[in-house]
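Q: This is the structure I want to talk about, given as structure tokens.
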Amino acid sequence: MGWNRWEVDGECGKVKGDRGRVEGRRWRLVAPVCRRDARAPGEQKGGLVAGKLWGLKALRISRRSNPSPIVLSSWFSMPLLELKNVHTYYGSIHALKGISLSVEEGEIVTLIGSNGAGKSTTLRTISGLLKPRQGEVLFRGERIDHLPPHKIVEMGVIQSPEGRRIFPRLTVRENLEVGAFLRNDKAEIARDMERVFHLFPRLYERLNQRGGTLSGGEQQMLAIGRALMGRPRVLLLDEPSMGLAPVLVEQIFSIIGDINAQGTTILLVEQNALMALAIAHRGYVLQTGEIVLADTANALRENKLVQHAYLGIG
Ligand SMILES: Nc1ncnc2c1ncn2[C@@H]1O[C@H](COP(=O)(O)OP(=O)(O)O)[C@@H](O)[C@H]1O
Ligand SMILES: [Mg+2]
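Take -17 as the starting number for the sequence shown in the numbering used here and just add one per residue.
Laid out in structure tokens, this is it:
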């Protein structure tokens, strides 16, 4: 299908032609929508309608000219996960004050901030454990903020919680099996367990030991391993470095990098900005429930505020 098949019906347009190929990559139209705010960068004025595409974030189609493939390819990824103006409360405590962020497929995005900034609240809101009073949480373009937590897990949004809450009385193997409880594809589960042992050989050595007898570092590995057993499409990690000795922190972060390199998208919440920015592609800085900075990890590392407040420089 060529570009000429792209047509627009009226203002809130339907895009005709529901699948195609751009620069060798396939796309599929999920739902034609009218979103005048969705605009590709560098795009000419005079476009009419945005189509919401799988694989393409948004497409505005000009009546006068077809959009160039270059613009399209730069818009190839719809965010896998997106928060839009999210407000979350604990009773009368306004913990998140309009958080907006996005995670693209394949990225490691980090959310850094001091103790009490709202990092865990953000992850709990994504996981459906807390319901935002205002705003939206979208996964692959669909709202999930009204869904119960188990549905969100089923969709592949899987959290390894703060403080590595593993089951102390269950063995390492049983803890990992719990992570796969929503699945019944036995052969695939066995393969994923192999993958976890490959990432964390230590867990294989401790296979029949109870979780509670593991060291802090091993428990963190188990918590991440258990989350991986759920086949995350996006893995939410809440302070994996917390309470660990520096050498273990390095090890855990290097493994997080490996998990991402194997194709898992990661939202990493951390107080340890130095380590988080070393492995992330992009980052957000959270201060008392608000995002004060958003940039590439490299730019954040060079940022004076970040250096002063979070990296102990200057
Ligand atoms: N269960 C709770 N009840 C009331 N307030 C809470 C609760 N959990 C967190 N908070 C408050 O919400 C804010 C954000 O907390 P949290 O998300 O845990 O921060 P972080 O993970 O960045 O350390 C803090 O002011 C904290 O005191
Ligand atoms: Mg926290």
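All residues carry an ideal CB built from backbone N, CA and C; glycine is no exception. Bear in mind that the values here come from a model prediction, so they are computed numbers and not experimental data.
Between N166 and the rest of its own chain, which residues show a CB-CB distance below 6 Å, the 5 nearest in sequence each way excluded?
A: Excluding sequence neighbours, N166 sits near nothing in its chain.
Q: May I ask you to report which of helix, strand or coil DSSP gives R146?
A: Reduced to three states, the DSSP call for R146 is coil.
Q: Measure the alpha-carbon distance for H132 versus R125 and round it to whole angstroms.
A: Each residue's alpha carbon lies about 15 Å from the other.
Q: Going by beta carbon distance, what residues of the same chain come within less than 6 Å of R215, once the five residues before and after it are set aside?
A: Within the same chain, R215 has close Cβ partners G138.
Q: In three-state terms, what does DSSP make of A99?
A: Correct three-state label for A99: coil.
Q: Just how far apart, CA to CA, sit L249 and E159?
A: About 23 Å.
Q: Here's the rule I'm using: 16 or more other beta-carbon atoms within 10 Å means buried, otherwise exposed. How should N190 be labelled?
A: With fewer than 16 other Cβ atoms within 10 Å, it is exposed.
Q: Going by beta carbon distance, what residues of the same chain come within less than 7 Å of I261, once the five residues before and after it are set aside?
A: Around I261: I90, F235, I238 and G239.
Q: Go ahead and label N254 buried or exposed: buried means 16 or more other beta carbons lie within 10 angstroms of its beta carbon, across all protein chains shown.
A: Burial call: buried.
Q: Consider the C-beta atom of E272 and the heavy atoms of ligand 2; say whether any pair is separated by less than 8 Å.
A: Result no, Cβ not under 8 Å from ligand 2.
Q: Under the assumption that M257 contacts V231 (Cβ atoms under 8 Å), give the Cβ distance between them as a whole number of angstroms.
A: Rounded, the Cβ-Cβ distance is 6 Å, consistent with contact.
Q: Using the beta-carbon count (16 or more within 10 Å), is R208 buried or exposed?
A: Buried, by the Cβ-count rule.
Q: Which same chain residues end up closer than 6 Å to N280 when comparing Cβ atoms and leaving out the 5 residues on each side of it in sequence?
A: Correct list: empty, nothing qualifies.
Q: Flag this pair as yes or no: are the beta carbons of L282 and G296 separated by less than 9 Å?
A: Their beta carbons are not under 9 Å apart, which means L282 does not touch G296 by this criterion.
Q: Drop a sphere of 10 angstroms on the beta-carbon of E176, count the other beta-carbons inside from all chains shown, and report buried for 16 or more, exposed for fewer.
A: Counting Cβ neighbours within 10 Å, E176 comes out exposed, since fewer than 16 surround it.
Q: Give the straight-line distance between the Cα atoms of F163 and G212, rounded to the nearest whole angstrom.
A: Spanning the two alpha carbons is a distance of roughly 8 Å.
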